[in-house]
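For reference, the structure is listed below as structure tokens.
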Amino acid sequence: MALDITQLLSRLTDQISTIIVGKRPQIEDCVACLLAGGHLLIEDVPGVGKTTLAHTLAVSLGLHFSRVQFTADLMPSDLVGVSVFERSTESFVFHPGPVFAQVLLADEINRAGPKTQSALLEAMEEHQVTVENHTRPLPRPFFVIATQNPTDQLGTYPLPESQLDRFLMRITLGYPDRASERALLAGEDRRAAITRLQPVMTPEQLLAVQQAVLQVHASEALLDYLQALIAATRSGEWFVEGLSPRAALAVLRAAKAHALIGGRGHVAPDDVQAILAQAIAHRLVPVAGAGRGSVEQVRAMVEAVPLP
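Counting with the numbering used here, you get residues 636 to 943 for the letters of the sequence shown.
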């Protein structure tokens, strides 16, 4: 493992941890999701730092950041852009929307209607948008961080399964512990602190690290273990429906990214276990009578599947 990659990733997580205090595991999940080329869904109550995390990550990587507040009246064209006729040129000129960014924060995504939510599907999956029969590529890298309020809150629209599947990982930040909250109360405003941050990695370095993730080795035994976990989700014992091959590939990429953050050139079972609940729980529905949520059900399944 190249030492400079390990140092870069350590500096990145250290810097984000100065703003989002006491949440290093969640920060590492966020970075792993980015390195794996996926998109991140953060589900939590308002005010726990979801937006701040996205902004801090973008600034720390020197990436173009864009934020869209999803509301009930947000239209797809507000997101992807629109062509406007200009008399000076006697032609239609495309005005790109906020989706043309390297880090897009889709804030409170489940407060917008399904039509606007679905406008993100092509962008997230293909890294391009099609407007009026013209396909336009999005910048590279392209990373969507969507925040979601609990679905029992007023004015929310649950994300459909097809869109949930586009998110590589789903995490929650949760409330800070007592020491971390005291640091927040005694310290300066986090938004002011972000303005003084300097990038610790260039966009070109980030693209190189994303390629390095693909080179992390997964042994035959590791793949056997991963397939055993995938098979368990499809057995009917734990979940209504099992994981798709696309989800299996997503788990492997996330595990490789987690290994790279840990400074290892190979994937260990611990890497798979560390990211599994975040990578698959939002794609699965526990069987009737399980008495657990999807995250707890994934963890119980992991306990039941023997290590290689």
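Backbone N, C-alpha and C define an ideal beta-carbon position, used for all residues, glycine too.
Residue i Cβ short of 7 angstroms to the ligand MG heavy atom set
i, result
"A925", "As for the ligand MG, it is missing from this structure, which has no ligand bound."
Alpha carbon of residue i to alpha carbon of residue j, nearest angstrom
i, j, result
"P711", "V940", "43 angstroms"
"L755", "F778", "12 angstroms"
"G897", "F705", "35 angstroms"
"F735", "E757", "13 angstroms"
"S653", "S726", "For clarity, residue 653 is Thr in the given sequence; the question names Ser instead. If I take the Cα positions, the gap works out to 49 angstroms."
"M636", "E767", "Only weak support exists for where M636 lies, its pLDDT of 44 falling under 50; the value from the coordinates is given anyway. If you take the alpha carbons of M636 and E767, they lie about 46 angstroms apart."
"A903", "Q850", "14 angstroms"
"A923", "E872", "10 angstroms"
"S645", "A912", "23 angstroms"
"S723", "F729", "14 angstroms"
"H674", "L803", "5 angstroms"
"M936", "L864", "8 angstroms"
"T618", "E816", "Summary: the structure shown does not reach residue 618, with the chain confined to residues 636 through 943, and so no result is reported for it."
"V719", "M759", "25 angstroms"
"D742", "T782", "5 angstroms"
"I915", "Q932", "11 angstroms"
"T691", "A843", "21 angstroms"
"L638", "D824", "Confidence in L638 is poor, its pLDDT being 48 and thus under 50, which makes the residue's placement unreliable; the coordinate value appears in the next sentence. Taking the straight line joining both Cα atoms gives about 34 angstroms."
"P774", "C665", "19 angstroms"
"I780", "D713", "18 angstroms"
"P834", "A827", "16 angstroms"
"H699", "L832", "14 angstroms"
"E663", "G657", "12 angstroms"
"A821", "L676", "29 angstroms"
"Q862", "T868", "10 angstroms"
DSSP-derived helix/strand/coil call for residue i
i, result
"S854", "coil"
"Q704", "strand"
"D664", "helix"
"S797", "helix"
"E876", "coil"
"I655", "coil"
"L773", "coil"
"T837", "coil"
"Q650", "helix"
"H730", "strand"
"S718", "strand"
"R927", "coil"
"L887", "helix"
"T765", "strand"
"L696", "helix"
"L740", "strand"
"E757", "helix"
"A637", "Annotation note: pLDDT 47 at A637 (below 50); position unreliable, no value reported."
"E678", "strand"
"T686", "helix"
"T830", "coil"
"V844", "helix"
"V937", "helix"
"R813", "helix"
"R622", "Examination of residue 622 is not possible in this model, given that the chain is present from 636 through 943 alone."
"A821", "helix"
"A781", "strand"
Contact with chain D by residue i, beta-carbon distance below 8 angstroms
i, result
"P681", "Going by chain labels, chain D is absent from the structure shown, which holds only one protein chain."
Same chain only: Cβ atoms within 8 angstroms of residue i, ignoring 5 sequence neighbours per side
i, result
"V920", "F874, V875, E876, S929"
"S854", "H901, V902"
"Y792", "N745, R746, A747, G748, P749, Q752"
"Q840", "L643"
"H946", "No answer is possible for residue 946: the residues shown for the chain start at 636 and end at 943."
"P772", "H762, Q763"
Chain-order list of residues whose beta-carbon lies under 6 angstroms from that of residue i (same chain, five-residue window excluded)
i, result
"A909", "H893"
"L942", "P904"
"P733", "S701, V703"
"L688", "I655"
"L857", "V902"
"Q650", "S695, V835"
"Y860", "P904, P943"
"L669", "F778"
"V738", "A693, L698, F700, F778"
Residues near residue i in its chain [Cβ-Cβ closer than 7 angstroms; skip 5 each side]
i, result
"R918", "L799, D800, L878, A882"
"P731", "G716"
"T837", "G697"
"G672", "Q845, R888"
"Q661", "I806, L808"
Segment contact flag, the segment 674 to 694 with the segment 799 to 817, C-beta cutoff 8 angstroms, min 3 pairs: yes
Only counting runs of 4 or more residues, tell me where the alpha helix (DSSP H) segments fall wholly within the segment 896 to 923, in order along the chain. 904 to 915
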